[in-house]
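Trainee: This structure is in structure tokens; I'll ask about it shortly.
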Amino acid sequence: MLQSHVVTISRFLVDQQRTHPEATGAFTDLLSDIALAAKVISREVNQAGLVDILGSADEENVHGEEQQKLDVFANQVFIRALDHTGHLACMASEESEEIIPIPEKFEAGDYVVIFDPLDGSSNIDVNVSIGTIFSIHRKRSTGPRGVLEDCLQAGSKQVAAGYVLYGSSTMLVYTSGTGVHGFTLDPSIGEFLLSHPRMQIPDPPKKVYSVNEAYYTRWSTAQQRLVTHMKTDGGFGSRYIGSFVADIHRTLLQGGLFMYPADRESPKGKLRLLYEAAPMAMIVEQAGGRASDGVRNLLDVVPESLHERTPLYMGAKPFVDLAEEYLARSD
Ligand code: P6P
């Protein structure tokens with residue numbers, strides 16, 4: 109029996125569009141296309157153990173990392189769901205060195221979508237939750253189609269941002285600047301249903317830090333002092349899944365502080381600014397939290413290249429403030 113309060117993502121997007129008289133419907137269509145891609149990827153991810161899609165694709169992505177077949181599949185699904193809609197000026201993906209132009213045979217539009225099609229793919233074979241992350245900007249260049257500069261915008265310029273978490277259930281979480289909204293896929297009807305309206309980091313937040321402590325010896329003294337404080341007199345617990353989308357999703361729901369610091373071997377950390385840090389920073393800030401590179405707000409960072417990395421600290425505001433305070437102390 110259909111409950112009266114059931115709201116599909118399509119219904120939600122149409123209702124949201126009504127609050128913007130100037131809206132043309134392009135954004136609504138774009139989010140609907142992303143939701144479709146998410147359903148297709150979710151189906152494959154959830155069957156990964158059942159069909160011969162496990163294991164690596166014997167190819168390497170732009171970062172020299174062994175490409176899992178699901179990475180390749182998810183990248184293609186995202187591109188094919190969006191490239192013909194007439195809403196995009198161009199795209200960019202973790203799996204593609206250069207920007208992805210809209211084929212000449214298709215009309216181009218005003219939006220730019222930058223995405224990580226399947227983050228955490230090294231977790232696929234051990235059945236740990238993985239995710240898709242997307243960032244949406246408006247085209248800034250004056251030409252007919254998008255160019256690199258349209259992708260190299262500060263996170264504060266994002267029109268919207270979101271992620272899909274392929275976990276015990278598949279969730280799509282997004283913000284377009286008026287709150288964070290979570291939808292859970294009901295596979296029996298193939299619909300994303302509103303399950304987490306207006307997500308807010310709890311206040312008081314749970315005292316949990318989330319970082320890979322295996323790199324402790326590579327950290328700065330200030331970073332070492334921060335984590336030592338949190339695990340001793342700070343009274344924090346620790347949770348680290350090792351899948352960015354899952355770690356951030358938990359942080360949104362419970363509070364805490366997620367960190368991927370710079371270290372001696374990775375002076376900019378591991379995570380990417382454009383399609384990991386910036387979209388999640390918009391979401392976390394819309395949920396009442398903060399996101400920093402350790403020194404300044406992540407949303408203020410202007411990217412210089414598509415795949416640049418950044419240290420990142422995101423979660424409950426008091427804990428990000430604490431991290432910046434410790435990191436500002438000289439060694
Ligand atoms: P580490 C997964 O490989 C990933 O890209 C993110 O999802 C995750 O947060 C991070 O790397 C984990 O990295 O160095 O702790 O294994």
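When we follow my numbering, the leftmost residue of the sequence shown carries the number 109, and every step to the right adds one. Virtual Cβ for every residue (Gly too), placed ideally from N, Cα, C.
1) With H, G and I counted as helix, E and B as strand and the rest as coil, what does DSSP make of Leu379?
2) For Tyr323, which of Pro375, Lys315, Lys314, Thr240 has the nearest alpha-carbon?
3) Rounded to whole angstroms, what is the Cα-Cα separation between Lys425 and Gly396?
4) Quick one: Cα of Ile117 to Cα of Phe135, how far?
5) Relative to the ligand P6P, is the shortest distance from any of its heavy atoms to the C-beta of Tyr317 smaller than 7 angstroms?
6) Apart from the five residues just before and just after Met199, which ones in its own chain have a Cβ nearer than 6 angstroms to its Cβ?
7) Ser237 and Tyr274 - do their beta-carbons sit closer together than 8 angstroms?
8) Relative to the alpha-carbon of Cys259, which residue among Leu361, Gln308, His415, His171 has its alpha-carbon at the smallest distance?
9) What is the rounded straight-line gap between the Cα of Gly298 and the Cα of Gly172?
10) Assuming Asp294 is part of the alpha helix (DSSP H), what are its boundary residues?
11) Can you tell which of Leu365, Phe291, Glu168 has the C-alpha that lies nearest to the C-alpha of Ser230?
12) Compute the Euclidean distance between the alpha carbons of Phe120 and Pro305, then round it to the nearest angstrom.
13) Apart from the five residues just before and just after Arg380, which ones in its own chain have a Cβ nearer than 8 angstroms to its Cβ?
Mentor: On the basis of the coordinates in this document:
1) Counted from its first residue, the sequence shown places residue 379 at position 271. Looking at Leu379 - three-state DSSP - the assignment turns out to be coil, as it is neither helix nor strand.
2) For the purposes of this step, residue 323 is identified with residue 215 of the sequence shown, where counting begins at 1. The shortest C-alpha separation from Tyr323 is found at Pro375.
3) The residue you call residue 425 lines up with position 317 of the sequence shown. The residue you call residue 396 lines up with position 288 of the sequence shown. Going by the C-alpha atoms only, they are around 7 angstroms apart.
4) Position 9 of the sequence shown, counted from the first residue, corresponds to residue 117. Position 27 of the sequence shown, counted from the first residue, corresponds to residue 135. Here the alpha carbon of Ile117 sits roughly 13 angstroms from the alpha carbon of Phe135.
5) Taking the first residue of the sequence shown as 1, we reach residue 317 at position 209. No, the Cβ of Tyr317 stays beyond 7 angstroms of every heavy atom of the ligand P6P.
6) In the sequence shown, the residue the question calls residue 199 occupies position 91. Taken in chain order, the residues that qualify are Ile208, Val221.
7) Locating residue 274 in the sequence shown gives position 166, counting from the first residue. Locating residue 237 in the sequence shown gives position 129, counting from the first residue. With respect to Ser237, Tyr274 sits close: the two C-beta atoms are nearer than 8 angstroms.
8) Here residue 259 refers to the residue found at position 151 of the sequence shown. Looking at the Cα atoms, His415 is the closest of the given residues.
9) Position 190 of the sequence shown holds residue 298. Position 64 of the sequence shown holds residue 172. Going from the Cα of Gly298 to the Cα of Gly172 covers about 35 angstroms.
10) The residue labelled residue 294 in the question sits at position 186 within the sequence shown. Note, Asp294: premise wrong, no alpha helix (DSSP H); beta strand (DSSP E) at 288-294.
11) Here the question's residue 230 lines up with position 122 in the sequence shown. Of the candidates Leu365, Phe291, Glu168, the residue whose Cα lies closest to the Cα of Ser230 is Glu168.
12) Start at 1 with the first residue of the sequence shown, and residue 120 comes out as number 12. Start at 1 with the first residue of the sequence shown, and residue 305 comes out as number 197. Going by C-alpha positions, Phe120 is about 10 angstroms away from Pro305.
13) Locating residue 380 in the sequence shown gives position 272, where the first residue counts as 1. These residues qualify, in order along the chain: Glu202, Asp224, His415, Glu416, Arg417, Thr418.
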